[in-house]
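Visitor: Going down the list, the protein sequences come from chains A and X. So for the first sequence, my numbering puts the first residue at 1; every next one is plus one. So for the second sequence, my numbering puts the first residue at 1; every next one is plus one. Positions of the beta carbon are idealized from the N, C-alpha and C atoms, including for glycine. Just so we're clear, the structure is a prediction, and the values are computed from it rather than from any experiment. Got a structure for you, questions after.
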Amino acid sequence: DAMVIQNPRYQVTQFGKPVTLSCSQTLNHNVMYWYQQKSSQAPKLLFHYYDKDFNNEADTPDNFQSRRPNTSFCFLDIRSPGLGDAAMYLCATSRSANYGYTFGSGTRLTVV
Amino acid sequence: RKEVEQDPGPFNVPEGATVAFNCTYSNSASQSFFWYRQDCRKEPKLLMSVYSSGNEDGRFTAQLNRASQYISLLIRDSKLSDSATYLCVVNRNTGNQFYFGTGTSLTVIP
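Following this line, the structure appears as structure tokens:
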């Protein structure tokens with residue numbers, strides 16, 4: 001089935017140790033997004049790609065970077081995770097602004 | 001002012017009740033509107049898009065009021081399985097960014 005896949009489902013990383021979360025899609029959607037969601041809060045958009053065009057949200061910390069090597073894959077790199085970065089990270093794809101998202105099942109990041 | 005605002009609830013309603021949620025948005029140029037459902041510790045899933053003329057899907061009815069800049073979701077004949085958080089999603093102008101409300105928590109009680 002066409003879908004958005006995030007790996008791993010759960011990730012534990014050490015304070016300050018770089019970590020990469022991955023997302024892949026078989027929907028061939030142009031747009032891929034990374035959201036951060038903390039407990040009882042709305043998902044917060046970090047950045048998105050329209051094809052290869054990268055769009056960073058103004059308040060996304062420099063600690064967060066992203067790569068999209070091809071249409072199918074998108075990565076979230078956290079260079080130096082802090083305790084405050086513990087959250088659910090959601091990848092989503094969309095065909096265009098008029099269509100809703102398809103979300104992956106998320107990666108729950110714990111920082112120890 | 002937040003892009004999208006929702007009453008967080010919680011809403012606790014008995015089975016069979018009708019319940020309505022509202023969501024306001026700040027950008028009058030927003031074009032696309034959606035309701036998502038999120039179960040505890042799961043990803044959000046699209047419940048329905050919201051069209052200008054209003055739309056219905058079974059027990060769920062969505063409305064858009066552009067003049068007052070809000071959208072609503074009505075759930076009739078609530079089921080236990082409707083218990084979840086309902087997220088309002090609005091796009092920014094015609095761009096590809098979408099913004100979420102904080103969600104409204106619904107618990108349907110037997």
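Find the nearest neighbour of Asn110 (chain X) within the set X:Leu46, X:Val89, X:Asp82, X:Phe100, judged by alpha-carbon distance.
Guide: Here residue 110 (chain X) turns out to be Pro, not Asn, going by the sequence shown. Considering only alpha carbons, the answer is X:Asp82.
Visitor: Mind checking Pro44 (chain X): buried by the 16 CB within 10 Å criterion, or exposed?
Guide: buried
Visitor: How would you label Thr20 (chain A), buried or exposed, when you count the other beta carbons within 10 angstroms and need 16 or more for buried?
Guide: exposed
Visitor: Which class does Asp53 (chain A) belong to by DSSP, given the choice of helix, strand or coil?
Guide: strand
Visitor: Within 10 angstroms of the Cβ of Pro43 (chain A), are there 16 or more other Cβ atoms? Answer buried if so, exposed if not.
Guide: buried
Visitor: Have a look at Ala20 (chain X) and Arg79 (chain A) and give me their C-alpha separation to the nearest angstrom.
Guide: 43 Å
Visitor: In the DSSP assignment, the beta strand (DSSP E) including Arg108 (chain A) goes from what residue to what residue?
Guide: 107-111
Visitor: How long is the line joining the alpha carbons of Arg37 (chain X) and Leu46 (chain X), rounded to whole angstroms?
Guide: 6 Å
Visitor: Return the CA-CA distance between Ala62 (chain X) and Arg92 (chain X), expressed in angstroms with no decimal places.
Guide: If I take the Cα positions, the gap works out to 20 Å.
Visitor: For Thr18 (chain X), I'd like the list of residues in its chain whose CB is within less than 6 Å of its CB, leaving aside the five on either flank, ordered along the chain.
Guide: Excluding residues within five positions, the ones whose Cβ falls inside 6 Å are Arg76.
Visitor: On the CB-based measure, 16 or more other CB atoms within 10 Å of its CB, does Ser28 (chain X) come out buried or exposed?
Guide: exposed
Visitor: Once DSSP output is grouped into helix, strand and coil, what is the label at Leu64 (chain X)?
Guide: strand
Visitor: If we call anything under 9 Å between Cβ atoms a contact, is Thr110 (chain A) one with Gln11 (chain A)?
Guide: yes
Visitor: Looking at the C-beta of Ala87 (chain A), does it have a partner C-beta in chain X at a distance below 9 Å?
Guide: The C-beta of Ala87 (chain A) comes no closer than 9 Å to any C-beta of chain X.
Visitor: Answer yes or no: does any C-beta atom of chain A fall closer than 9 Å to that of Gly103 (chain X)?
Guide: yes
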